[in-house]
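Protein chains: 2
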Amino acid sequence: MTCSLDYAPQLRARGFRMTSQRMAILHVLHHAGTHLSPTEVYKQAKRDFPRLTEPTVYRTLEFLARNGLAHPSHSSSGHLTYQIAGEDHHHVVCRVCGSEIEIEHALLENLYRKLESTSGYRRINSHVTFFGVCPKCQLS
Amino acid sequence: MTCSLDYAPQLRARGFRMTSQRMAILHVLHHAGTHLSPTEVYKQAKRDFPRLTEPTVYRTLEFLARNGLAHPSHSSSGHLTYQIAGEDHHHVVCRVCGSEIEIEHALLENLYRKLESTSGYRRINSHVTFFGVCPKCQLS
DNA sequence: ATAGTTATTGCAAAAAGTTGCAATAAGGAT
DNA sequence: ATCCTTATTGCAACTTTTTGCAATAACTAT
Numbered sequence: 001m002t003c004s005l006d007y008a009p010q011l012r013a014r015g016f017r018m019t020s021q022r023m024a025i026l027h028v029l030h031h032a033g034t035h036l037s038p039t040e041v042y043k044q045a046k047r048d049f050p051r052l053t054e055p056t057v058y059r060t061l062e063f064l065a066r067n068g069l070a071h072p073s074h075s076s077s078g079h080l081t082y083q084i085a086g087e088d089h090h091h092v093v094c095r096v097c098g099s100e101i102e103i104e105h106a107l108l109e110n111l112y113r114k115l116e117s118t119s120g121y122r123r124i125n126s127h128v129t130f131f132g133v134c135p136k137c138q139l140s
Numbered sequence: 001m002t003c004s005l006d007y008a009p010q011l012r013a014r015g016f017r018m019t020s021q022r023m024a025i026l027h028v029l030h031h032a033g034t035h036l037s038p039t040e041v042y043k044q045a046k047r048d049f050p051r052l053t054e055p056t057v058y059r060t061l062e063f064l065a066r067n068g069l070a071h072p073s074h075s076s077s078g079h080l081t082y083q084i085a086g087e088d089h090h091h092v093v094c095r096v097c098g099s100e101i102e103i104e105h106a107l108l109e110n111l112y113r114k115l116e117s118t119s120g121y122r123r124i125n126s127h128v129t130f131f132g133v134c135p136k137c138q139l140s
């Protein structure tokens, strides 16, 4: 769980605290390397820290996202999932069968800069899920 | 509710059925002109058709989205909302305060075509929500 | 019109996610 | 080391969303 300690200074600098719960959750996200649902995070993190509760997981994931340590994204069913910050890719999900593929962030980079200049919003970096129809389902 | 009848042939052609529940739900979406949560759709459609139930609303909205009659999108809290097909815009939501603005679809048109050619997926037309930091929250 | 097929719905129960508030504990100050 | 402040958590109750299955009703064909 040492890896999670690296985040402590970032949090403290902003007036937040590093807790065992947050460490357990960061640890799980850090080692998953992919998107996880709150429930999956809860199950895994509970192994490290058994008195963890579900509301804490939901609140912590939201907290981590708000502070840029985790990226929220949407599963094919539209539910929120999270992954540790730093893994940059997006998804295209098939509207019909639910299959999904990853696309590189580089493809969106231009768009993000354009959005920032037209909207006035900054640091747009969300993970985005597009819906379409996959090659297999185009046949029917 | 006559407006919803226009959709019946589309459904029948694909082997689906037009029902009072679907009509009531389409009617609500059609006249809302904006995104609605499943619960909002349920409350409004129930006025037209009192024996409507919640599971039916969830399943119907998913069904309409899968068949291109409604577009799903994500509220600032990450929940799914739906709007009638045809209104084309996207959102940028502030990660910090939750405020949101609309952006025109035209800005994404190029990206969508590029995604289609690199991914093999077709008819990518989802409504997308980006997260960033709004001008007001950039100050703090 | 009627009957048959099966897509669709309602019901009931379960699972997932949210909220308010009192209790706890992290980190700064003494 | 101890105290104090208040960010964070746990608990319990609640709301939202999902699922399985039996009952219903839309459409097709007769």
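Listed in order, the protein sequences are those of chains A and B.
Numbering of the first sequence is given in my numbering, commencing with residue 1 and proceeding in unit increments.
Numbering of the second sequence is given in my numbering, commencing with residue 1 and proceeding in unit increments.
Where a beta carbon is used, it is the ideal one built from N, C-alpha and C, also for glycine.
query                                                                                                                      : result
Cutoff 8 Å: I25 (chain B) Cβ touching any chain A Cβ                                                                       : no
Cβ shell of H74 (chain B) (< 6 Å), same chain only, five flanking positions each side left out                             : T129
Chain B contacts from the segment 106 to 126 of chain A (Cβ-Cβ distance under 9 Å)                                         : L107, L108, N110, L111, Y112, K114, L115, E116, T118, S119, G120, Y121, R122, R123, I124, N125 and S126
Any non-hydrogen atom of the ligand SAM within 7 Å of R22 (chain A) CB                                                     : Of the ligands one can find in the structure shown there are none, so the ligand SAM has no counterpart to examine.
Cα-Cα separation, L52 (chain A) to A45 (chain A)                                                                           : 8 Å
Residue closest to F63 (chain B), alpha-carbon to alpha-carbon, out of B:H35, B:I25 and B:H89                              : B:I25
Neighbour-count burial assignment, A70 (chain B), 16 or more Cβ in a 10 Å radius                                           : buried
Beta-bridge partners of S73 (chain B), as assigned by DSSP                                                                 : B:T81
Residues near E146 (chain A) by beta carbon distance below 7 Å, same chain, minus five either side                         : Since the first and last residues shown for chain A are 1 and 140, residue 146 (chain A) lies out of range.
H89 (chain A) beta carbon less than 8 Å from that of H105 (chain A)                                                        : yes
Beta bridge counterpart(s) of V133 (chain B) as assigned by DSSP                                                           : A:R122
Pairwise C-alpha distance: S77 (chain B) and Y42 (chain A)                                                                 : 20 Å
Residues near V93 (chain B) by beta carbon distance below 8 Å, same chain, minus five either side                          : S76, S99, E100, T129, F130, F131 and G132
I84 (chain B) beta carbon less than 8 Å from that of L29 (chain B)                                                         : yes
First through last residue of the beta strand (DSSP E) which encompasses V93 (chain A)                                     : H89 to C94
Where L36 (chain B) falls: helix, strand or coil (DSSP)                                                                    : strand
Straight-line Cα distance separating T60 (chain A) from R17 (chain A)                                                      : 12 Å
Best match in B:P135, B:P50 and B:Q10 for proximity to G68 (chain B) [C-alpha to C-alpha]                                  : B:Q10
Endpoints, the alpha helix (DSSP H) within which Y58 (chain B) is located                                                  : E54 to R66
Proximal residues to S20 (chain A) (C-beta, below 8 Å), its chain only, five neighbours per side dropped                   : F49
CB contact below 8 Å: I101 (chain A) versus chain B                                                                        : yes
Nonlocal neighbours in the same chain, by C-beta distance under 8 Å from Y58 (chain A), ignoring five residues either side : P38
Short CB-CB distance (under 8 Å) between V133 (chain B) and chain A                                                        : yes
Presumed contact (8 Å Cβ cut-off) between P135 (chain A) and G120 (chain B), rounded CB distance                           : 5 Å
Whole-Å CB distance - R22 (chain B) paired with V96 (chain A), under 8 Å assumed                                           : So it is not a contact: roughly 19 Å between Cβ atoms.
Residue(s) in a DSSP beta bridge with E104 (chain A)                                                                       : A:H89
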